[in-house]
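Everything in the sequence shown is counted per the UniProt record's numbering, starting at 1 for the first residue and increasing by one. Worksheet: the structure to be examined is printed underneath.
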Amino acid sequence: MSAAQTLPPDAAPAFRGRMQHGAPLAPFTWFRTGGPAERLARPADAGDLVALLAARPANEPLTVIGAASNLIVRDGGVPGLVVRLGGAFGGVSVEEDGVVAGAAALDAAVSEHAAAAGLAGLEFLCGIPGSVGGAVAMNAGAYGVETADVLDWAEVATARGVERLPAAALRLAYRRAELPEGAVVVRARLKARRAADRAAVAARMAAIRAAREETQPVRARTGGSTFKNPPGRKAWELIDAAGCRGLRLGAAQVSEKHCNFLLNTGGGAAAELEALGEEVRARVLAHSGVSLEWEIKRIGVEAVR
């Protein structure tokens with residue numbers, strides 16, 4: 001991949017957004033590491049995104065990144081087209097019994113808009129450091145509530161246009177959704193209810209924020225929960241019992257504060273983070289017989305050695 005450069009206008013005449021070759025992705029990720037995108041597109045709006053998807057070669061890989069808070073970009077970079085939605089996809093509008101939000105809107109911002117309008121039921125979003133598109137695609141959840149519990153519909157862009165899908169069509173399950181092939185979430189409606197007590201909503205959000213601050217390494221270079229909770233178990237408890245709290249590999253470390261979080265303590269490569277995660281999986285399997293599944297999404301290819 002070449003050094004980052006803006007493509008000349010005639011390279012993509014129908015595209016109105018920003019397109020780059022060899023664009024660094026590390027600055028977008030919470031881990032602050034990883035290689036570049038072969039092509040990084042930031043479309044101007046939904047119509048621009050549809051045109052981009054329609055013009056994409058059929059054999060070109062497509063990757064979508066959002067807030068990149070639960071993501072490892074491998075050191076060799078990401079082949080094909082990487083799409084990142086920006087401000088045009090960040091709008092939030094409040095309705096009588098819900099909130100309509102663009103895919104780039106931060107989950108915390110959505111919960112704040114809802115609370116300010118006297119709506120309850122979306123407080124859990126203030127504990128998720130991601131965006132609405134990622135929340136839909138991963139059925140993100142926290143503090144006993146998942147996106148599936150509140151999602152009314154999602155709009156997705158494909159090469160054919162923008163389509164509105166009811167929540168049931170996405171077959172939402174634990175940390176997954178079934179999106180149409182080549183689809184990008186652009187907007188979603190989240191159901192809420194009129195709050196009987198606005199102060200109670202504010203108190204709930206304050207409690208969630210305080211709990212995150214107390215129990216998670218929120219000020220470190222991390223990627224959120226590393227592994228999914230196995231049925232009936234807590235991943236962090238299995239990791240702790242296997243003696244992995246504080247385990248290090250180069251600049252990668254298992255958090256002392258919450259051992260289902262990996263940390264980049266400074267200058268770490270993505271390969272170190274992923275290798276440490278695999279070491280944790282191996283130790284947990286040997287200790288408890290449980291095979292942990294990655295919750296952090298890992299994209300791209302290994303660096304050529």
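Here a beta-carbon is modelled for each residue, glycine too, at the ideal position from N, C-alpha and C.
Checklist entry - Would you report the Cα separation of A220 and G243, rounded to the nearest angstrom? => result 22 Å
Next on the checklist: Taking 9 Å as the threshold (C-beta atoms), are L273 and I72 in contact?
Outcome noted: yes
Checklist entry - Taking C-alpha atoms, which residue in L40, A159 and M19 lies nearest to A26? => result L40
Checklist entry - For E60, does the count of other Cβ atoms within 10 angstroms reach 16, so buried, or fall short, so exposed? => result exposed
Next on the checklist: According to DSSP, simplified to helix, strand and coil, what is L247?
Outcome noted: coil
Item to check | For A203, the first and last residue of its enclosing alpha helix (DSSP H) | outcome: R198 to T215
Item to check | Beta bridge counterpart(s) of F227 as assigned by DSSP | outcome: W294
Item to check | Pair within 9 Å by beta-carbon distance, S288 and L247 | outcome: no
Item to check | Under the three-state DSSP convention, the category V218 falls into | outcome: coil
Checklist entry - Near R283, which residues of its chain fall below 6 Å by C-beta distance, leaving aside the five closest residues on each side in sequence? => result A242 and C244
Checklist entry - Taking DSSP as the reference, what is the three-state secondary structure of G300? => result coil
Checklist entry - Do R32 and R84 have their C-beta atoms within less than 9 Å of each other? => result Taking 9 Å as the Cβ cut-off, R32 and R84 do not qualify as a contacting pair.
Checklist entry - From W294 to A206, what does the alpha carbon distance come to, in whole angstroms? => result 29 Å
Checklist entry - Around the C-beta of S93, are 16 or more other C-beta atoms found within 10 angstroms, so that it is buried, or is it exposed? => result Looking at its Cβ environment, which holds fewer than 16 other Cβ atoms inside 10 Å, S93 is exposed.
Checklist entry - Quick one: any contact between the segment 168-180 and the segment 104-117, if contact means 3 or more CB pairs under 8 Å? => result no
Item to check | Reduced DSSP secondary structure (H/G/I, E/B, other) of G133 | outcome: helix
Item to check | Reduced DSSP secondary structure (H/G/I, E/B, other) of A11 | outcome: Only weak support is given to the placement of A11: the predicted model assigns it a pLDDT of 45, under 50, and the value that follows is read from those uncertain coordinates. Per DSSP, reduced to three states, the secondary structure at A11 is helical.
Item to check | Straight-line gap, R74 to D197 (C-alpha atoms, nearest Å) | outcome: 46 Å
Checklist entry - Quick one: Cα of A203 to Cα of L125, how far? => result Taking the straight line from one Cα to the other gives about 14 Å.
Next on the checklist: Using the three-state DSSP reduction, which class does A188 fall into: helix, strand or coil?
Outcome noted: strand
Item to check | Residue nearest to S225 in terms of C-alpha spacing, selected from G102, A157, P24 and G130 | outcome: G130
Next on the checklist: Here's the rule: buried if 16 or more other CB atoms are within 10 angstroms of the residue's CB, otherwise exposed. What is V280?
Outcome noted: buried
Checklist entry - Shortest alpha-carbon distance to G98 belongs to which of T29, V162 and A195? => result Closest by C-alpha distance to G98, out of T29, V162 and A195, is A195.
Checklist entry - For residue 394, which beta-bridge partners are listed by DSSP? => result The chain is shown only over 1 to 305; residue 394 falls outside these bounds and no answer can be derived.
Checklist entry - A51 lies in the alpha helix (DSSP H); which residues open and close that run? => result A46 to A55
Next on the checklist: Rounded to whole angstroms, what is the Cα-Cα separation between A303 and V78?
Outcome noted: 10 Å
Next on the checklist: Tell me the residue span of the beta strand (DSSP E) that contains A101.
Outcome noted: G98 to G102
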